[in-house]
Amino acid sequence: TKSYYPGLNTVEEQRARWERKRSRTAKELVETEQKYLEQLDLVTTYFVTILKAKGTLQPAVREGIFGLLESIYCTSQILLLHLERGHLGLGLEGFCQKLELYGHYAENLEQAKKTLQEQVKKNKAFCRFKKLQESRPEFLGWQLEDLLPLPLQRLHHTIRSHENSMQLLRVQKLLKGQKTKVLTPERWYIQEGWLMVVPTKGEEVKRKMFFLFSDILVATKPCHPLHPLNSDKFSCQAIYPLSQCTVDKVFGHTQSQGGLLSLSFPHKTLLLMSSNQEDINNWYLNLTTAIR
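Under this note's numbering, the residue at position 89 of the sequence shown is numbered 96, and the numbers go up by one with no gaps.
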């Protein structure tokens with residue numbers, strides 16, 4: 008596999024750079040989950056647990072406000088444990104088995120907010136307790152109303168991460184061999200499809216399958232259809248980093264048949280063509296977005 012990484016002389020340096028980036032993003036993922044758990048912990052520790060002990064709210068009312076929050080907190084703790092150990096796939100797999108909890112929580116959220124408002128108005132003991140807990144320095148100005156929707160906000164992000172992981176895993180399985188590592192925590196899948204590569208010299212135009220991610224563009228060709236193991240796979244031919252790439256439409260501005268894109272790298276220019284106007288527009292839009 009050819010790699011066009013300017014300023015990198017060896018495969019070891021390239022791998023070290025990828026590893027540093029991967030570690031940094033994995034660390035950010037863990038830190039985000041830790042912060043979210045700290046916020047959930049405020050509710051479970053300073054509200055649910057103490058309210059159970061004090062009996063300030065009737066059990067049915069308490070359940071009506073907080074519902075499955077403790078179970079969701081436990082699910083997130085397990086996910087964080089996997090993330091801290093670097094097991095993103097395993098963590099997300101376990102998390103997805105608990106999605107039903109979030110469904111029930113989402114269904115009840117509006118009613119939970121109403122019940123909370125009612126209790127603040129008519130239950131003076133609870134109203135005093137709520138204000139006292141929210142005044143703790145750990146809450147950083149957060150109110151209970153701000154913290155109750157947090158699981159659903161976090162769920163949206165986690166599902167996106169899971170869907171992306173599934174796409175990365177699918178592409179990884181499509182590629183022959185183990186040399187090309189697609190599945191990394193910081194990478195997002197964007198698009199794939201066939202494009203014609205127009206040579207700069209007088210060679211023939213070649214049809215290749217491209218996979219576009221948030222940081223790289225991977226050029227591949229199909230393996231031989233009669234290969235006993237890899238007949239349905241693709242062989243990686245080149246990896247183009249998008250960090251130092253510019254993309255221009257050579258033609259395709261009008262409603263003509265298809266178009267031609269020029270991708271410029273420090274040591275390489277890639278001309279990609281499609282006979283489909285909509286297809287080339289999609290590639291142009293997604294490439295410019297990824298490069299930004």
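In this text, a Cβ means the ideal position worked out from N, Cα and C, and glycines have one as well.
Since the model is a prediction, treat every value here as computed from it, not as a measurement.
In this model, residue 257 and residue 161 are separated by some 42 Å (Cα to Cα). Residue 222 sits in coil when the DSSP states are folded into three classes, being neither helix nor strand. Residue 108 sits away from residue 98, with the two beta carbons spaced by 7 Å or more. Counting the other CB atoms within 10 Å of its CB gives residue 79 a total of 16 or more, which places it among the buried residues. Within the DSSP secondary-structure output, residue 144 pairs in no beta bridge. Bounds of the alpha helix (DSSP H) holding residue 170 are 157-181. Here DSSP, grouped into helix, strand and coil, assigns residue 238 to coil. Our two residues, residue 38 and residue 266, have alpha carbons roughly 44 Å apart in a direct line.
As a beta-bridge residue in DSSP terms, residue 254 pairs with 270. If you look at residue 276, you'll find it in the beta strand (DSSP E) that goes 275-281.
Look at residue 210 here: in three-state DSSP terms it is coil, with no helix or strand label. For residue 279, the CB contacts under 6 Å within the same chain, skipping 5 residues up- and downstream, are 202 and 268 in chain order. Between residue 281 and residue 287, the alpha-carbon positions lie close to 6 Å from each other. Nearest neighbour of residue 299 by Cα position, chosen from 252, 270 and 289, turns out to be 252.
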